[in-house]
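Asker: In this note's numbering, the protein residues as written are 12 to 383. Glycine included, each C-beta is placed from N, C-alpha and C at the ideal position.
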Ligand SMILES: Cc1cc2nc3c(=O)[nH]c(=O)nc-3n(C[C@H](O)[C@H](O)[C@H](O)COP(=O)(O)OP(=O)(O)OC[C@H]3O[C@@H](n4cnc5c(N)ncnc54)[C@H](O)[C@@H]3O)c2cc1C
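(1) Are the CB atoms of residue 150 and residue 220 within a distance shorter than 8 Å?
(2) Helix, strand or coil for residue 364 per DSSP?
(3) Let me know if residue 25 comes out buried or exposed under the rule of 16 or more other beta-carbons within 10 Å of its beta-carbon.
(4) Ordered along the chain, which non-local residues of its own chain (more than five positions away) have a Cβ less than 6 Å from that of residue 211?
(5) Classify residue 290 as buried or exposed, calling it buried when 16 or more other Cβ atoms lie within 10 Å of its own Cβ.
(6) Taking residue 133 and residue 111 to be in contact with their CB atoms under 8 Å, please state how far apart those CB atoms are, rounded to whole angstroms.
(7) Closest by CA to residue 340, which one among 302, 274, 360 and 81?
(8) Any heavy atom of ligand 1 closer than 7 Å to the beta-carbon of residue 332?
(9) Suppose you measure from the CA of residue 205 to the CA of residue 382; what does that come to, to the nearest Å?
(10) Touching or not, the stretch 30 to 41 and the stretch 347 to 365, by the rule of three or more beta carbon pairs under 8 Å?
(11) Thinking C-alpha only, which one of 312, 154 and 209 is nearest residue 193?
(12) Tell me whether residue 239 sits in a helix, a strand or coil according to DSSP, three-state version.
(13) Which residue wins for smallest C-alpha separation from residue 345, given the options 65, 264, 84 and 86?
(14) When every heavy atom of ligand 1 is checked, does at least one fall within less than 7 Å of the C-beta of residue 384?
(15) Excluding the 5 residues preceding and the 5 following residue 255 in the sequence, name in chain order all residues of the same chain whose CB lies nearer than 6 Å to its CB.
(16) Going by Cα to Cα distance, which pick from 59, 307, 261 and 232 is closest to residue 34?
(17) Give me the residue from 176, 96 and 317 with the minimum Cα distance to residue 143.
(18) Please list, in chain order, all residues of the same chain as residue 128 whose beta carbon is under 7 Å from its beta carbon, the five residues on each side excluded.
(19) Who are residue 219's beta bridge partners in DSSP?
(20) Express the C-alpha separation of residue 215 and residue 28 in angstroms, rounding to a whole number.
(21) Please check the pair residue 103 and residue 65, which I expect to be a contact at CB under 8 Å, by giving their CB distance rounded to whole angstroms.
(22) Specify, as a first and last residue, the run of the beta strand (DSSP E) that residue 226 falls within.
(23) Mapping DSSP to helix, strand and coil, what is residue 133?
(24) What did DSSP end up calling residue 210 once you bin it into helix, strand or coil?
(25) What number of angstroms, rounded off, separates the C-alpha of residue 269 from the C-alpha of residue 338?
(26) DSSP three-state label for residue 42, please.
(27) In three-state terms, what does DSSP make of residue 285?
(28) Ordered along the chain, which non-local residues of its own chain (more than five positions away) have a Cβ less than 6 Å from that of residue 316?
(29) Reducing DSSP to helix, strand and coil, say where residue 79 ends up.
(30) Please determine whether the Cβ atom of residue 364 lies at a distance below 7 Å from any heavy atom of ligand 1.
(31) Near residue 260, what residues of its chain come up, given a Cβ to Cβ distance below 7 Å and the 5 sequence neighbours on each side ignored?
(32) So does residue 101 have its beta carbon nearer than 7 Å to some heavy atom of ligand 1?
(33) Whose C-beta lies closer than 6 Å to the C-beta of residue 196 among residues of the same chain, with five residues either side of it excluded?
(34) Using a Cβ-Cβ cutoff of less than 7 Å, which residues in the same chain neighbour residue 314 once the five nearest sequence positions on both sides are dropped?
(35) Taking the beta strand (DSSP E) that residue 257 belongs to, which residues open and close that run?
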């Protein structure tokens, strides 16, 4: 596919997002079939200016009040390709964390890296043998251990990798962020970790960083900054936006399948589609609400309360759409070249996000104990 069809950064973000989404739709079957890093799609995001759209002075500058537009863009990219949405969301998250916690020198360096085309991400999840940063003489740090679910894999050349800071004296240890310059290292990548039914193109492999040496200029923020609220829990609205895009794609393809088979006059099918439309529209309303709260509120507990509701509600809407689409199209609708089987597989896997039970509990706790 010729890259010259990529929309140019001069168009509005909404229009760029929608053009990109259509391209992703054209490429989707091939990308899903190869199951690897979605290079064509990520290049399109770079060439259209979307990867730098969250830098200072750019259309989605985090310092501006652009949360509704960002959530909308994430939803549109997710509709085009959920794996790409996952990688893009990690890039946005990382640049936001840099905006919050980096020194001025670091911001200059990492923003410049982003402009040069480096992809960022956030790799926090680990299983056994998690990451530790051992302090050594001369302000150096030795990395030990691995992360799981490293979306984007080593194509993310500037991941924020969290880990336990191990000081020579035991003061000021904690959960430390560092930006690892992976273009200068060759960490061990365990691709066998990511044998998954969906989201294969997110290439969320396990990566071992043992032996990588860092300077203090590579550490981002203070220990435990990563867990600071409302940014940690509030960020859930971003993955919820991407997920809703997945549900929207399923709604759209369920509709075209039924139309093609002349099954759109059936009252039961109409009812199911109606339920899906209500679910997707409700998700969009939640995203608008989240965008406006993030733009206007400084009340950390309230932001978390809303973010937890958004992610819980959207996960439910997505599950409802999966179920209704499944009933609507039957096994025939799930056979390639129909796109629905891969869309379902991706969304089912991408619905797995951290601590869903805890998020719902926190909603109940806030409501029970919070202001009346
Ligand atoms: C496609 C994809 C890409 C990802 N990319 C990244 C990435 O780039 N960076 C990154 O850091 N992470 C990434 N992740 C990881 C993701 O953020 C979650 O951390 C991870 O999916 C959670 O693990 P789990 O799905 O096994 O769920 P679990 O956390 O094991 O949860 C499963 C169930 O157990 C419940 N539960 C959780 N803890 C407890 C407990 N202590 N006691 C009882 N019940 C509990 C949960 O509420 C849930 O119902 C990715 C995940 C996916 C699916």
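Answerer: Answer, in terms of the structure:
(1) no
(2) coil
(3) exposed
(4) 46
(5) buried
(6) About 12 Å separates the two Cβ atoms, so there is no contact after all.
(7) 274
(8) no
(9) 44 Å
(10) yes
(11) 154
(12) coil
(13) 264
(14) Since the first residue shown for the chain is 12 and the last is 383, residue 384 is missing from the structure and cannot be characterised.
(15) 86, 294 and 325
(16) 59
(17) 176
(18) 57
(19) 157 and 199
(20) 24 Å
(21) 5 Å
(22) 224 to 226
(23) strand
(24) coil
(25) 12 Å
(26) helix
(27) helix
(28) 377
(29) helix
(30) yes
(31) 90 and 354
(32) yes
(33) 223
(34) 241, 245, 304, 305 and 308
(35) Taken as a continuous stretch (DSSP letters only), residue 257 belongs to no beta strand (DSSP E), being part of the alpha helix (DSSP H) at 247 to 271.
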